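**Q**
In this note's numbering, the protein residues as written are 2 to 140.
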């Protein structure tokens, strides 16, 4: 039971780190900084900060909700862009969220954001009362 909990925590920390890296590196690209090492360094720092905050403040449920909503919205809009828009599959394989945002029109981006927010809201409402149950010590 201890190993499964540690595996869960490490997995959530990696997901949170990935989200933090994407936030840090994405923000630098947004403001026009494209220097590779500085973007990498800021991304790593943000990954460590977001992972630590997630574990320290017990925000695992919310990180999982945000990550699955982001992936789901990207999968839906990406599938529509691939099927209807004729965008190459290789672009989606590397980074589906970036591919959706770069290859779709403003309408596709709007649909992506609406689906992202809807996914977060629905998961928050459905899982509002759910908490990790502590196991009794059977020793």
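All residues carry an ideal CB built from backbone N, CA and C; glycine is no exception. Remember, predicted model here, so these are calculated numbers, not experimental data.
(1) With 16 other CB atoms within 10 Å as the buried threshold, where does residue 22 fall?
(2) Taking residue 208 as the reference, give the member of 50, 74, 79 and 81 with the closest Cα.
(3) Go ahead and label residue 20 buried or exposed: buried means 16 or more other beta carbons lie within 10 angstroms of its beta carbon, across all protein chains shown.
(4) Identify whether residue 28 lies in helix, strand or coil by the three-state DSSP scheme.
(5) Could you spell out where the alpha helix (DSSP H) holding residue 45 opens and where it closes?
(6) Along the chain, where does the alpha helix (DSSP H) that runs through residue 110 open and close?
**A** By the coordinates alone:
(1) Indexing the chain shown from 1 puts residue 22 at position 21. Residue 22 should be labelled buried.
(2) This structure does not reach residue 208, given that the chain is present from 2 up to 140, and the question cannot be answered.
(3) The residue you call residue 20 lines up with position 19 of the chain shown. It counts as buried.
(4) Residue mapping note: residue 28 aligns to position 27 of the chain shown, counting from 1. Three-state result, residue 28: helix.
(5) Here residue 45 corresponds to residue number 44 of the chain shown, with the count starting at 1. Element bounds for residue 45: 37-57.
(6) Taking the first residue of the chain shown as 1, we reach residue 110 at position 109. Its alpha helix (DSSP H) spans residues 107-127.
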